[in-house]
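Number of protein chains: 2
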Amino acid sequence: MVTRMDSSATVSPSLAERFQRLLADLGSRPVAVVGHARPDGDCIGSQVALARVLRARGHAVVCANADAVPRRLAFIVGDLTFAPAAALTGEPAAIFVDCADHLRAGEKLRARLPAPLGNIDHHLSNEGFAQHNLIDTRASATCEILARLFLDAGLPVDAATAQALYAGIVTDTGQFRFQSTTRETFLLAAELVARGARPAEIGQELYEQESPGRMELLRRFLGSFERCGGGRICIGTLPLGIFAETGTSAEDTEGLVDYARGIEGVEIGVLIEERPDGFKASLRAKDPALRLDQVAGLFGGGGHACAAGLSLRGPAAADFRSRLETALTERLQRRDADRRTS
Amino acid sequence: MVTRMDSSATVSPSLAERFQRLLADLGSRPVAVVGHARPDGDCIGSQVALARVLRARGHAVVCANADAVPRRLAFIVGDLTFAPAAALTGEPAAIFVDCADHLRAGEKLRARLPAPLGNIDHHLSNEGFAQHNLIDTRASATCEILARLFLDAGLPVDAATAQALYAGIVTDTGQFRFQSTTRETFLLAAELVARGARPAEIGQELYEQESPGRMELLRRFLGSFERCGGGRICIGTLPLGIFAETGTSAEDTEGLVDYARGIEGVEIGVLIEERPDGFKASLRAKDPALRLDQVAGLFGGGGHACAAGLSLRGPAAADFRSRLETALTERLQRRDADRRTS
Chain A
93 MVTRMDSSAT VSPSLAERFQ RLLADLGSRP VAVVGHARPD GDCIGSQVAL ARVLRARGHA
153 VVCANADAVP RRLAFIVGDL TFAPAAALTG EPAAIFVDCA DHLRAGEKLR ARLPAPLGNI
213 DHHLSNEGFA QHNLIDTRAS ATCEILARLF LDAGLPVDAA TAQALYAGIV TDTGQFRFQS
273 TTRETFLLAA ELVARGARPA EIGQELYEQE SPGRMELLRR FLGSFERCGG GRICIGTLPL
333 GIFAETGTSA EDTEGLVDYA RGIEGVEIGV LIEERPDGFK ASLRAKDPAL RLDQVAGLFG
393 GGGHACAAGL SLRGPAAADF RSRLETALTE RLQRRDADRR TS
Chain B
93 MVTRMDSSAT VSPSLAERFQ RLLADLGSRP VAVVGHARPD GDCIGSQVAL ARVLRARGHA
153 VVCANADAVP RRLAFIVGDL TFAPAAALTG EPAAIFVDCA DHLRAGEKLR ARLPAPLGNI
213 DHHLSNEGFA QHNLIDTRAS ATCEILARLF LDAGLPVDAA TAQALYAGIV TDTGQFRFQS
273 TTRETFLLAA ELVARGARPA EIGQELYEQE SPGRMELLRR FLGSFERCGG GRICIGTLPL
333 GIFAETGTSA EDTEGLVDYA RGIEGVEIGV LIEERPDGFK ASLRAKDPAL RLDQVAGLFG
393 GGGHACAAGL SLRGPAAADF RSRLETALTE RLQRRDADRR TS
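Shown next, in the form of structure tokens:
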């Protein structure tokens, strides 16, 4: 059963109730808190926060991801176990956080997990794949949903949990500047600071510990920009081999695409990462009417209206770039037509 | 008389009282709201907000700066008059905002202004140069002080004023991530959003309307990085002629220095802008104990503990780079020694 909440002012009664039912169904089982592949701040923050709260309630917990915790997010993990492919002992219940769909956990990991008991998320494209689906597409971050659920239920949000929740919100809002940032987001940030989140420390860990290689990656990404769609689309490309050349890895691409979107006159920014057998692409729009989650969906991806991603390989990747340019240009034209008629 | 307020929780009674006395002394005179040369978001935001509130009280107002409003900040100005060197008619009272000292207004402008009646600021190095000095060095921004003063006094903070105050806070906190960001900063942001500030719009105007030239300036700045002080100082240089080559201007340097500080292992980031007759330098530290305002002071500059600046020309600029490296390295060593003994 899927419930979409349209108020972010406080957690809605039905979402709170659904959370209580999820907790009740957990019983005393061990829990796998599952995040998505290539985890970002909101994913790791959500896993850490939920795992800490469940552990405080007496559950054995393990966090499971197909890929490792990015270096820059290690500071919020503390003594929790993140197990990329660990054997999950007992008969754990699986709660997915920040996963737009079941596949986002990664195929290998998914095959080892029980059927999803919980699905807590804020992605537009989440269709509800678990027994208990707690989806609020207006929340700025999955961490925002969790913070409200915990605070409303009077669950313990200690300093480390507040720090993890804050880290998720700050990354998924682009430091409080994406469309999803509301008055309530700031009130929640204030509450998390009161409970021990440290904005300056988090800011330094997330944004001021860049490796020299990442700076070189940025420099080369900036140099790769090409405009299309009448100048309204800016595409930057990371060619094969660039990670080895700059001493970086895929996790160092986080945030780069924002530079492509951030140019005057550009409506859609794109990062294309070339891979041996295909492409990964990140799409960012300034206007949510562009519904990039739908564009990504054409290529098997998904996400949010202004921030979506996809991954293609093998034969499906043929002519990818021209097909993407066509799809994005058509999307811009359709939005323009809608504006004229409305 | 100088008062430093050590609480940012709410405006202190004595600061509020001082503000009432300043308003009383204004009478019905026209007011010049004076900002500093090379104005940033907190400067323009403070000028716009104070000018709007004073205009609503019936004052004729003009905003005065030695340099023009940066393009990216034009969206908060509305119908106010900014007059780089306009004749100030009547017998205006001058209120300085966000000016660490009287000179920061610029020599030419200062010569045309009456003696400062008010001085509202948050810089550590502000020694109080006006008849009424309202200084709170713990505030994250001069806009934070003004917002508190206006809200506490029940003065009208409409949507445009809220937008200007928010823009100042977001820029001076580095998007809510510098040391000065507190729980109260977030509560204030929430209140400003409730009164009409639009975080996503402000974020797009400030950070997502970059010119292609500015991206090229960033790319070249990143390529100029050199480490010294045992790797703990990172200096990037903008050589003479780079603005012409990239189609940019001095205002496009805002924020670049944060990339130099933001590298792992770097404690102090520096941007040096070469000028025909000298240098301008921006200094940024991760640790407030480094007191960069004092280092900048050695070269006639000033600012905050973690963010300071200076400008040198003529004979005083000789050997600038080596003297700066020496001063910064000594400062790091002294901080290390203090840590060992404390």
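Chains A and B supply the protein sequences, listed in that same order. Going by the numbering used here, 412 is the number at position 320 of the first sequence; the sequence numbering is gapless. Going by the numbering used here, 137 is the number at position 45 of the second sequence; the sequence numbering is gapless. Glycine is no exception: its CB is placed at the ideal position from the N, C-alpha and C atoms.
Assigned secondary structure, residue i (DSSP; H/G/I helix, E/B strand, else coil)
i	result
ASP193 of chain B	coil
ALA388 of chain A	helix
THR277 of chain B	helix
SER303 of chain B	coil
ARG149 of chain A	coil
LYS378 of chain A	coil
ASP228 of chain B	coil
VAL125 of chain A	strand
GLU356 of chain A	coil
GLU417 of chain B	helix
THR133 of chain B	Correcting the residue identity first, residue 133 of chain B is Gly in this sequence and not Thr. Helix.
GLY210 of chain A	strand
MET93 of chain A	Because the pLDDT at MET93 of chain A is just 33, under 50, the model does not fix this residue reliably, and the value given afterwards should be weighed accordingly. Coil, per DSSP.
ALA373 of chain B	strand
GLU479 of chain A	Here chain A has residues from 93 to 434 only, and residue 479 of chain A is not among them.
THR173 of chain A	coil
GLU346 of chain A	coil
ALA156 of chain A	strand
ARG319 of chain A	strand
GLY260 of chain B	helix
PHE188 of chain A	strand
ARG240 of chain A	helix
Separation of residue j from residue i, as counted between CA atoms
i	j	result
SER106 of chain B	ALA245 of chain B	13 Å
ASP117 of chain A	GLN139 of chain A	19 Å
LEU226 of chain A	LEU146 of chain A	17 Å
ALA166 of chain B	LEU172 of chain B	11 Å
LEU298 of chain B	ALA152 of chain A	46 Å
CYS235 of chain A	LEU241 of chain A	10 Å
ARG376 of chain A	GLY394 of chain A	12 Å
LEU243 of chain B	THR253 of chain A	33 Å
LEU216 of chain B	PRO131 of chain B	18 Å
ALA48 of chain B	PHE371 of chain B	Nothing can be reported for residue 48 of chain B, as the shown portion of chain B is limited to 93 through 434.
LEU424 of chain A	LEU382 of chain A	7 Å
ALA429 of chain A	LYS378 of chain A	17 Å
SER316 of chain A	THR274 of chain A	34 Å
ALA419 of chain B	VAL387 of chain B	7 Å
VAL262 of chain B	PHE268 of chain B	6 Å
ASP264 of chain A	PHE221 of chain B	43 Å
GLU366 of chain B	GLY333 of chain B	9 Å
Cβ of residue i within 8 Å of any chain A Cβ
i	result
LEU310 of chain B	yes
VAL249 of chain B	no
GLU343 of chain B	no
THR329 of chain B	no
LEU363 of chain B	no
GLY133 of chain B	no
LYS200 of chain B	no
Closer than 8 Å to chain B by CB, residue i
i	result
THR253 of chain A	no
PHE278 of chain A	yes
GLU297 of chain A	no
ALA282 of chain A	yes
SER99 of chain A	With a pLDDT of 34 at SER99 of chain A, under the threshold of 50, the modelled position of this residue cannot be trusted; read the value that follows with caution. By this cut-off, SER99 of chain A is not an interface position.
LYS372 of chain A	no
Contact list for residue i against chain B, beta-carbon separation under 7 Å
i	result
SER303 of chain A	GLU356
LEU314 of chain A	MET307, LEU310, ARG311
Boundaries (first-last residue) of the beta strand (DSSP E) holding residue i
i	result
LEU404 of chain A	399-405
LEU216 of chain B	LEU216 of chain B -> no beta strand (DSSP E), and no H or E assigned at all.
LEU247 of chain B	First-last for LEU247 of chain B: undefined, no H or E at that position.
LEU330 of chain A	325-330
Amino acids of chain A, ordered along the chain, whose beta-carbon sits closer than 7 Å to that of residue i
i	result
PRO291 of chain B	PHE268, ARG269, THR273
ARG353 of chain B	GLU300
Partner residues on chain A for residue i, Cβ-Cβ distance less than 9 Å
i	result
GLY347 of chain B	Here the premise fails: no neighbours, minimum Cβ distance about 12 Å.
Under 9 Å by beta carbon: chain B residues contacting residue i
i	result
TYR258 of chain A	The premise fails here: TYR258 of chain A is roughly 10 Å from chain B at the closest Cβ pair, so nothing lies under 9 Å.
Chain C within 8 Å of residue i, Cβ atoms only
i	result
VAL285 of chain A	As a matter of chain content, chain C is missing from the structure shown, whose protein chains are A and B.
Extent of the continuous alpha helix (DSSP H) run through residue i
i	result
ILE168 of chain B	Note, ILE168 of chain B: premise wrong, no alpha helix (DSSP H); not H, not E.
LEU205 of chain B	No alpha helix (DSSP H) contains LEU205 of chain B, which DSSP labels as neither H nor E.
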